[in-house]
Amino acid sequence: GKHRRAGVGAAKLYAVGRGEARVEAGGRRWRLGAGELAFLPRADEHVVSGAAGTVVPRDGSACVGMHQVGASTWASSEGADTGLVVVDLDLDARDAPWVSLLGPVVHVTEREGPLGRWLRETLALLTREELSSPLQQAIAGPWAQSLFALALRADGATLPGAAALRDEPVVAALAQVRARPEHAWELRELAARVGLSRSVLAARTSALLGEPLGAYVRRLRHRRATELLATTEAPIKEIAARVGYGSEPAFHRAFARLEGATPLAYRRSRRLRG
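Take the sequence shown: its letter number 107 is residue 104 in my numbering, and every next letter is one higher.
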């Protein structure tokens, strides 16, 4: 196995398609069989290992014998003893206050039935070496967000706020928003997608997030913008479009409101620190 330090503003998902894996965190151990997954909402310090120690994470996100199949998703090779998918999610209490309600590991154990089959079949597809990289990425992105939604739904009923965490339409709506924060989301459209009225979705998401859904979307966009400003040379106008703003001035105003600095000033400060 391999020791993984706690992440900052990070979450992790480990999904097993075949064989088994073990995750240790907070003095407890979870065994994952085929069709099961573990969600670490804060990426707390943990150890992960596979059958006979065959899965050994490197210093980064990938593991020995794994290959990248999406922007933040890695999968085992087709012939590995343990068929594992590792997903990194950018998630912390600033974006999701309910993160603090969860334990170090949420274990999803529905290995039989539709969920287990879906995990195994999708993993088998992702690990096919002849599958093109664009097709792998097209599958991996939505799949990772679906795993995120399933993990939230599976959390124990004894936790504070568990009723909201097990509110399937709301969890499904939030997973869609997280997958595409740049989309011009409207409550009516999102509510129709998950089978709720506009007013009911607004009330339930506000209860879970501690803020209106619109404010949540703006902060997701802001987080993505700070990443692009710090890690790319993309023009400000391009970043504005990529995070969902129709004009550069609108992006400037929204960014400065949350960050206390313009996008250009933020980029310069990050370079000075780096």
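Glycine included, every Cβ here is placed at the ideal spot set by N, Cα and C.
What distance in whole Å lies between the Cβ atoms of residue j and residue i, which are believed to be in contact at a cut-off of 8 Å?
| i | j | result |
| --- | --- | --- |
| ILE233 | PRO209 | That belief does not hold up - the Cβ atoms of ILE233 and PRO209 are roughly 27 Å apart, past 8 Å. |
| LEU34 | ALA12 | 4 Å |
| LEU37 | PRO101 | 6 Å |
| LEU184 | ALA199 | 6 Å |
| GLY30 | ASP78 | Not confirmed; about 13 Å, so no contact. |
| ALA169 | THR202 | 11 Å between Cβ atoms; not a contact. |
If you draw a straight line from the C-alpha of residue i to the C-alpha of residue j, how long is it?
| i | j | result |
| --- | --- | --- |
| ALA22 | VAL174 | 29 Å |
| ALA176 | VAL240 | 12 Å |
| GLY158 | LEU205 | The predicted model places GLY158 with a pLDDT of 49, which falls under 50 and marks its position as unreliable; any figure quoted below should be read in that light. In a straight line, the C-alpha of GLY158 is about 8 Å away from that of LEU205. |
| LEU225 | VAL45 | 30 Å |
| HIS43 | ARG25 | 10 Å |
| THR51 | GLU17 | Its pLDDT being 45, under 50, THR51 is placed unreliably by the model, and nothing is read from it. |
| ALA262 | ARG250 | 13 Å |
| ALA181 | VAL214 | 9 Å |
| LEU132 | VAL20 | 30 Å |
| PHE248 | THR228 | 18 Å |
| LEU164 | VAL197 | According to the sequence as given, residue 164 is Asp; it is not Leu. One C-alpha to the other measures close to 12 Å. |
| ARG15 | VAL103 | 19 Å |
| TRP115 | ASP85 | 20 Å |
| GLU245 | SER266 | 20 Å |
| GLY192 | PRO166 | 7 Å |
| PRO272 | GLU179 | Only positions -2 to 271 of the chain appear in the structure, and residue 272 is not among them; the question remains open. |
| TYR242 | ARG28 | 44 Å |
| LEU217 | ARG254 | 14 Å |
| ALA222 | GLY211 | 16 Å |
| ARG129 | LEU81 | Looking at the sequence itself, residue 129 is Ser, so the reference to Arg does not match. Cα to Cα, the separation comes out at about 19 Å. |
| LYS(-1) | VAL105 | In this predicted model, LYS(-1) has a pLDDT of only 46, less than 50, meaning its place in the structure is not dependable enough to derive any value. |
| HIS219 | TRP71 | 26 Å |
| GLU256 | VAL83 | 31 Å |
| ARG264 | ALA238 | 17 Å |
Using DSSP bridges, identify the partner residues of residue i.
| i | result |
| --- | --- |
| TYR11 | ALA35 and VAL83 |
| GLU17 | GLY30 |
| VAL102 | Answer is none; VAL102 lacks a bridge partner. |
| GLY47 | ALA18 |
| ARG25 | ALA22 |
- Task: Tell me the start and end of each unbroken alpha helix (DSSP H) in the stretch 160 to 244 that is at least 4 residues and wholly inside, in chain order.
- Result: Entirely contained in the stretch 160 to 244, the alpha helix (DSSP H) runs reaching 4 residues are, in chain order, 165 to 176, 184 to 191, 195 to 206, 210 to 228 and 233 to 239.
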